[in-house]
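Participant:
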Amino acid sequence: MGSEQNDSFSPSEPKLCVNGCGFFGTPSNMNLCSKCYRDIRATEEQAASARSAVDKSLNPSKPETKPPQHQSLETVREPSSSSASVGDSSVGSSSDPPRATRCLSCNKKVGVTGFKCRCGSIFCGAHRYPESHDCEFDFKGAAREAIAKANPVVKADKMEKI
Numbered sequence: 181m182g183s184e185q186n187d188s189f190s191p192s193e194p195k196l197c198v199n200g201c202g203f204f205g206t207p208s209n210m211n212l213c214s215k216c217y218r219d220i221r222a223t224e225e226q227a228a229s230a231r232s233a234v235d236k237s238l239n240p241s242k243p244e245t246k247p248p249q250h251q252s253l254e255t256v257r258e259p260s261s262s263s264a265s266v267g268d269s270s271v272g273s274s275s276d277p278p279r280a281t282r283c284l285s286c287n288k289k290v291g292v293t294g295f296k297c298r299c300g301s302i303f304c305g306a307h308r309y310p311e312s313h314d315c316e317f318d319f320k321g322a323a324r325e326a327i328a329k330a331n332p333v334v335k336a337d338k339m340e341k342i
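Okay, structure coming up:
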């Protein structure tokens, strides 16, 4: 009797993969082997990402997140709006490739290691100091303005004479 009870509770025999690849499948993987299950999941994810990309291109979502970029692009395009077509405007709204940053003095590529001066230009390590690139930024005037803003003039009311 004990052996009969063990037979009724014993796990079912392993089933072959539904795809017929020859490996054993598990019920948690829809009776597929791990490889076939992984392949099916990958194709489902690709299909889902393709659907979301199509939906996103047909119905742009959340235009509120990028209004500053669209406004700046529109202001740049306004003078040439007669030559721009509808197809060009959708291509222009995509992200532009980054420009190569170069030193203003020696035209050397600096990339991420470039130093931005207060005059607004980017320089290499050799020309990063204002003296080496003949910077025309008024450092003394900027410092005077910063001090004036930080320390406003405090003037007391006049005292009444008795």
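Residue numbers (our numbering): 181 to 342. A virtual CB, placed ideally from N, CA and C, is assigned to each residue, including glycine.
Determine the contact status of P194 and G205, defining contact as a CB-CB distance below 9 Å.
Facilitator: In the sequence shown, residue 194 corresponds to position 14, counting from 1. In the sequence shown, residue 205 corresponds to position 25, counting from 1. Yes, the pair counts as a contact, with Cβ atoms nearer than the cut-off.
Participant: In whole angstroms, give me the CA-to-CA distance for N239 and A228.
Facilitator: Along the sequence shown, read from residue 1 onward, the residue named residue 239 stands at position 59. Along the sequence shown, read from residue 1 onward, the residue named residue 228 stands at position 48. About 16 Å.
Participant: Return yes when the Cβ of C283 is within less than 9 Å of the Cβ of V290, no when it is not.
Facilitator: Here residue 290 refers to the residue found at position 110 of the sequence shown. Here residue 283 refers to the residue found at position 103 of the sequence shown. Contact flag set, yes.
Participant: Give me the Cα-Cα distance between R231 and Y217, rounded to the nearest whole angstrom.
Facilitator: Counting from 1 along the sequence shown, the entry for residue 231 is found at position 51. Counting from 1 along the sequence shown, the entry for residue 217 is found at position 37. Near 21 Å, if we compare the C-alpha coordinates of Y217 and R231.
Participant: For F303, does the count of other Cβ atoms within 10 angstroms reach 16, so buried, or fall short, so exposed?
Facilitator: What you label residue 303 is simply residue 123 of the sequence shown in a count that begins at 1. With 16 or more other Cβ atoms within 10 Å, it is buried.
Participant: In whole angstroms, give me the CA-to-CA distance for S285 and N331.
Facilitator: What you label residue 285 is simply residue 105 of the sequence shown in a count that begins at 1. What you label residue 331 is simply residue 151 of the sequence shown in a count that begins at 1. Distance between the alpha carbons of S285 and N331 is about 37 Å.
Participant: Secondary structure at N331, three-state DSSP: helix, strand or coil?
Facilitator: Translated into the one-based positions of the sequence shown, residue 331 becomes position 151. Coil at N331, not helix or strand.
Participant: Please work out which residues of its chain come closer than 6 Å, Cβ to Cβ, to K288, disregarding the five sequence neighbours upstream and downstream, and give them in chain order.
Facilitator: In the sequence shown, the residue the question calls residue 288 occupies position 108. If we look at K288 and ignore the five residues flanking it on each side, its Cβ neighbours are C304.
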